[in-house]
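Peer 1: Let me give you the structure first, and then I'll get to my questions.
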Amino acid sequence: MKHIISALVENKPGVLAHVAGMFAARAFNIDSLVVGRTEDPKLSRMTIVVIGDDRILEQVRKQLAKIISVVKVQDFANQQVVARDLMLISVSAPPEKRPEILALIEMFRAKVVDLGTKFVTIEVSGPERKIEAFIDACRPYGIKNLARTGTIAMSRHTKAEA
Amino acid sequence: MSSNKPPEAPSAATENLKPGSQIIVDTLIELGVDTIFGYPGGVVLPLFDKLYDAPINFIIPRHEQGGCHMADAYARASSKVGVIIVTSGPGACNLTTGLATAMMDSVPIVAMTGQVRTELIGNDAFQEADTTGITRPVTKHNVIVKDVKELARTIREAFLIASTGRPGPVLIDIPLDVSVARCPHTQSEQTKLPGYRIRTQGHPRQIALAAKAINESDRPVLYVGGGVITANASNELRELAEKAHMPVTTTLLGLGCFDQSKPESLDMLGMHGAAYANYAVQECDLLIAVGARFDDRVTGKLKTFAPNAKIVHIDIDPASISKNVRVDIPVVGDAKLILTELVKQVAHGERTPWFTKISNWKAKFPLRYDSAGGLKPQYVVEELSRQTEGKAIITTGVGQNQMWAAQFYQYSRPRQFISSGGLGTMGFGLPAAIGAQVARPDETVIAIDGDCSFNMTLTELSTAVQYNLPIKVCILNNGYMGMVRQWQELFYNKRYSKSFLKNPDFAVLARAFGAEGIRVDKKSDVPKAVKQMLECKGPCVADFRIEREENVWPMVAAGKSLDEMDGLDIFERLA
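Residue numbers (the numbering used here), protein chains in the order written: chain A, 1009 to 1170; chain B, 28 to 602.
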């Protein structure tokens, strides 16, 4: 089962290596890992998607919290969350196919961010299954390049305040 | 130069600027460090220059691994933090086995390594290694200091991290330019560790649940490990065992935290534990684990471990709880504080049927061996225990020697048994004896070692001689990697593949080092040889040529349940 774990970490060199090393050493499976700064320059947030059962996840949480430079660990299991991936995808777009592709972009509320003579680069964000669906929809046209961020997430206020 | 630059600082402040190397030494002294193990080298020369006149007892090992084991045993024997300083590259790499040993056994060490100049890092400079990268998995924390202003605070943080919570080794990597750069040295700077919080007080509700479970139990067993020693909680453990009247079994690293002469003692459990300890665990209705981590050498087959027991687990490391075994009542916190609370809340229970059952097991399956025949290793350990009245500090190698030392010496106090439990590091015994002797100069320190374990680090004998440390090394010499040979005998049709070495004559070798050397071939010579060894004023090596194919019994083979012990027929034959 996939779990989204969010860890607030000190914004220092070596922290990512510490976290990634712990996952490797303890044979935990990372589906994706995203790191970025937060509003506090001293802290970064890591959003990690982990595959495993409850027992493994309990260990993942505890082992993460044990790392000295990890300040706080939150598991979004059993919580209402907003979870988003961002993707840039470059698709073959000869002039005769462009209307179709543009319709697709419209349907997925995606955006054209670069347009060349042969290819179009599209930005799309959303829940993971939407990203996957968009990739599938692009496949027939020919995907030249693809880059994804992995999931970032936040708990929903509606639920949190309830 | 910009016009708004502040005027030059007054000369008093300029004088207050110290080089990083001096800040390191001053901070260590401020933290109460009086003993350091270490080995110099290129990039730590500025630091070693400051150590030249520092009021510090400095011990130079012959190899950094030995030095790290010394710092480790120094910490285990004294409850202080062990400190080791080595150079970059090979010096740092040689620490890794020692750090991993300390990590597995939760021993507080602060290791400082030199590093090449900051601007050279990543250039494959001479004696450069990615020390923080290499040591990350074998330290509780590590950090490279790139600004001299962060040096003092980082050292204070390292000591705090190493010695609190579940202790462990912390490494600080210090580039050469940082140790020569200057800055003001402030004494009282706060540590900045937003991610480091230790829960010491156990949750009152969990403690109450544990007390209730104890009071309702007919067949409880206390299963205690090195955490009780780390927490200095042996007295509280004794009070609990006596007040609630509960039997106590210890792990290998827990040996000494409960006096083995007490009627409640079940001695050691596990793969080579006492049969009565293993039976008691399998039949108990409540298992109270304190400062122990359900290691596979302790539990045997997990599925059938303590099958009828409710499990209470007291540990300062939340990650230890429910890692291997599902726990019913977890209590996270400091063992001393939690046991103190538990003592208040438990009632006295006689539990006569339970203790009668245990007495029967003890009578039927005592730890024993067939004393007929040649020189038996168990006899040597028993004789050591007799002549030292069970009061010596014992360190061990790894393998059969370690198990016999655990089984046949009578331990009564914490910090008396020092062994590499988790990592199982052969070669630990001799350097550990040196570290323990440095920490406890007035006590008898004996390394019970195997010939192959001793071979790995015997170069440290010259360290013992240099500092005139009167350690005693008892080599249980069977000319084999004894435990490997035992497994090959039992599980590989006696095909003794690559498990024997041609040894030097250890007694002669010891004399070449400047130590005493004794060789013992006959059983009847053992008491005299042990006496001679103990009376020796300096370091002494006694080479006991034991029966070559003696095995460690009982034994729970890998993957078997704890009560499926082999070798019990020996007891029946001898009964």
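Backbone N, C-alpha and C define an ideal beta-carbon position, used for all residues, glycine too.
Here's a check: name, in chain order, each residue in its chain whose Cβ is nearer than 8 Å to the Cβ of residue 402/B, leaving out the five neighbours to either side.
Peer 2: Stepping through the second sequence from its first residue, residue 402/B is reached at position 375. Closer than 8 Å at Cβ, skipping near neighbours: 547, 548, 549, 550, 553, 571, 572, 573 and 574.
Peer 1: Does chain B have any CB closer than 8 Å to the CB of residue 1088/A?
Peer 2: In the first sequence, counting from the first residue as 1, residue 1088/A sits at position 80. So no, residue 1088/A is outside the interface.
Peer 1: Could you give the first and the last residue of the continuous beta strand (DSSP E) run that contains residue 1015/A?
Peer 2: Walking along the first sequence from the start, residue 1015/A turns up at place 7. Counting along the chain, the beta strand (DSSP E) containing residue 1015/A begins and ends at 1010-1018.
Peer 1: Would you mind reading off the limits of the alpha helix (DSSP H) that contains residue 533/B?
Peer 2: Within the second sequence, the letter at position 506 stands for residue 533/B. 533-540 is the extent of the alpha helix (DSSP H) around residue 533/B.
Peer 1: List the endpoints of the continuous alpha helix (DSSP H) containing residue 433/B.
Peer 2: Position 406 of the second sequence holds residue 433/B. Taken as a continuous stretch (DSSP letters only), the alpha helix (DSSP H) holding residue 433/B covers 427-435.
Peer 1: Does the beta carbon of residue 1071/A come closer than 8 Å to any beta carbon on chain B?
Peer 2: Here the question's residue 1071/A lines up with position 63 in the first sequence. Taking Cβ atoms only, chain B reaches closer than 8 Å to residue 1071/A, which makes this a yes.
Peer 1: Return the residues of the segment 182-210 of chain B that lie within a Cβ-Cβ distance of less than 7 Å from chain A, sorted by chain order.
Peer 2: Cβ contacts with chain A: 188.
Peer 1: How would you call residue 524/B, buried or exposed, if buried means at least 16 neighbouring beta carbons within 10 angstroms?
Peer 2: Start at 1 with the first residue of the second sequence, and residue 524/B comes out as number 497. When all chains shown are included, residue 524/B counts as exposed.
Peer 1: Name the chain A residues whose beta carbon is nearer than 8 Å to that of residue 160/B?
Peer 2: Along the second sequence, read from residue 1 onward, the residue named residue 160/B stands at position 133. In chain order: 1025.
Peer 1: For residue 461/B, which residues does DSSP report across the bridge?
Peer 2: Start at 1 with the first residue of the second sequence, and residue 461/B comes out as number 434. DSSP lists no partner for residue 461/B.
Peer 1: At 8 Å on the CB atoms, spell out the chain A contacts of residue 340/B, in chain order.
Peer 2: Mapped onto the second sequence, residue 340/B falls at position 313. The premise fails here: residue 340/B is roughly 13 Å from chain A at the closest Cβ pair, so nothing lies under 8 Å.
Peer 1: Can a CB atom of chain A be found closer than 8 Å to the CB of residue 168/B?
Peer 2: Taking the first residue of the second sequence as position 1, residue 168/B is located at position 141. Judged by the 8 Å Cβ criterion, residue 168/B is in contact with chain A.
Peer 1: Is DSSP giving residue 1170/A helix, strand or coil here?
Peer 2: What you label residue 1170/A is simply residue 162 of the first sequence in a count that begins at 1. With a pLDDT of only 37 at residue 1170/A, under the threshold of 50, the placement of this residue in the model should not be trusted; the figure read from the coordinates follows. It is coil, neither helix nor strand.
Peer 1: Would you check if the segment 232-251 of chain B and the segment 65-75 of chain B touch, i.e. whether three or more CB-CB distances between them fall below 8 Å?
Peer 2: Segments in contact, no.
Peer 1: Mind checking if residue 349/B is an interface residue toward chain A, Cβ cutoff 8 Å exclusive?
Peer 2: What you label residue 349/B is simply residue 322 of the second sequence in a count that begins at 1. Yes, residue 349/B lies at the interface with chain A (some Cβ there is under 8 Å from its Cβ).
Peer 1: For the segment 1059-1083 of chain A, enumerate the residues whose C-beta is nearer than 8 Å to any C-beta of chain B, in chain order.
Peer 2: For the segment 1059-1083 of chain A, which is checked against every Cβ of chain B, the residues closer than 8 Å are 1063, 1066, 1067, 1070, 1071, 1073, 1074, 1075, 1076, 1077, 1078, 1079 and 1080.
Peer 1: Which one of 302/B, 362/B and 591/B has the shortest CA to CA distance from residue 390/B?
Peer 2: Sequence index remark: in the second sequence, residue 390/B carries index 363 (1-based). Comparing Cα-Cα distances from residue 390/B to each of 302/B, 362/B and 591/B, the minimum goes to 302/B.
Peer 1: Using C-beta distances below 8 Å, list every residue in its chain close to residue 105/B, excluding the 5 sequence neighbours before and after it, in chain order.
Peer 2: As a first step, residue 105/B must be located in the second sequence, where it is residue number 78. So the list reads 442, 466 and 467, once near-sequence residues are dropped.
Peer 1: Establish whether the CB of residue 1029/A and some CB of chain B are separated by less than 8 Å.
Peer 2: In the first sequence, residue 1029/A corresponds to position 21, counting from 1. Chain B contact via Cβ: present.
Peer 1: Taking 8 Å as the limit between beta carbons, can you name the residues of its chain near residue 412/B, skipping five residues before and five after?
Peer 2: If you number the second sequence from 1, residue 412/B lands on position 385. These residues qualify, in order along the chain: 435, 436 and 437.
Peer 1: Tell me whether the beta-carbon of residue 476/B lies closer than 8 Å to the beta-carbon of residue 428/B.
Peer 2: Taking the first residue of the second sequence as position 1, residue 476/B is located at position 449. Taking the first residue of the second sequence as position 1, residue 428/B is located at position 401. Closer than 8 Å, so yes.
Peer 1: To the nearest angstrom, report how far apart residue 511/B and residue 425/B are at their CA atoms.
Peer 2: As a first step, residue 511/B is located in the second sequence; it is residue number 484 there, counting from the start. As a first step, residue 425/B is located in the second sequence; it is residue number 398 there, counting from the start. Going by the C-alpha atoms only, they are around 11 Å apart.
Peer 1: Just checking: is the beta-carbon of residue 1101/A within a distance shorter than 8 Å of some beta-carbon in chain B?
Peer 2: Locating residue 1101/A in the first sequence gives position 93, where the first residue counts as 1. No, because no Cβ of chain B sits closer than 8 Å to the Cβ of residue 1101/A.
Peer 1: Identify each residue in the segment 1032-1052 of chain A for which the Cβ-Cβ distance to at least one residue of chain B is less than 9 Å, and report them in chain order.
Peer 2: Correct list: 1032, 1033, 1050 and 1051.
Peer 1: Determine which residues of the segment 1155-1168 of chain A have a Cβ less than 8 Å from any Cβ of chain B, and write them out in chain order.
Peer 2: Residues: none.
Peer 1: Output needed for residue 359/B: all residues of its chain with C-beta closer than 6 Å, excluding positions within five of it in sequence on either side, in chain order.
Peer 2: By 1-based counting over the second sequence, the position of residue 359/B is 332. The answer, listed in chain order, is 226 and 345.
Peer 1: Flag residue 360/B as yes if its beta-carbon sits less than 8 Å from any beta-carbon of chain A, otherwise no.
Peer 2: In the second sequence, counting from the first residue as 1, residue 360/B sits at position 333. No - not a single Cβ of chain A is within 8 Å of the one on residue 360/B.
Peer 1: Using a C-beta to C-beta distance shorter than 8 Å, which residues of chain B count as neighbours of residue 1018/A?
Peer 2: Residue mapping note: residue 1018/A aligns to position 10 of the first sequence, counting from 1. Here the neighbours are 221 and 222.
Peer 1: Which residue comes first and which comes last in the alpha helix (DSSP H) that contains residue 1102/A?
Peer 2: Along the first sequence, read from residue 1 onward, the residue named residue 1102/A stands at position 94. Careful: residue 1102/A lies outside any alpha helix (DSSP H) and carries neither H nor E.
Peer 1: Determine the direct distance from the alpha carbon of residue 1146/A to that of residue 1117/A, and round the result to whole angstroms.
Peer 2: To locate residue 1117/A, count along the first sequence from 1; it is residue 109. To locate residue 1146/A, count along the first sequence from 1; it is residue 138. Each residue's alpha carbon lies about 14 Å from the other.
Peer 1: Using only the alpha-carbon positions, how far apart do residue 183/B and residue 1127/A sit?
Peer 2: Position 156 of the second sequence, counting from 1, holds the residue named residue 183/B. Position 119 of the first sequence, counting from 1, holds the residue named residue 1127/A. Approximately 57 Å, taken between the alpha carbons.
Peer 1: Can you find a C-beta in chain A that's less than 8 Å from the C-beta of residue 357/B?
Peer 2: For this step, residue 357/B is matched to residue 330 along the second sequence. Cβ-Cβ to chain A under 8 Å: no for residue 357/B.
Peer 1: Which residue's Cα is closest to the Cα of residue 1090/A: 1159/A, 1043/A and 1070/A?
Peer 2: Within the first sequence, the letter at position 82 stands for residue 1090/A. That would be 1159/A, whose Cα lies nearest to the Cα of residue 1090/A.
Peer 1: Judging by CA-CA distance, which residue of 451/B, 499/B, 533/B and 433/B is the nearest neighbour of residue 126/B?
Peer 2: Here residue 126/B refers to the residue found at position 99 when the second sequence is read from its first residue. Of the listed residues, the one whose Cα sits closest to residue 126/B is 451/B.
Peer 1: Alpha carbon to alpha carbon, what distance is there between residue 354/B and residue 1065/A?
Peer 2: For the purposes of this step, residue 1065/A is taken as the residue at position 57 of the first sequence. For the purposes of this step, residue 354/B is taken as the residue at position 327 of the second sequence. Computed Cα separation, rounded: 16 Å.
Peer 1: What is the DSSP secondary structure of residue 214/B, counted as helix, strand or coil?
Peer 2: Translated into positions along the second sequence, residue 214/B becomes position 187. Residue state, collapsed to three classes: coil.
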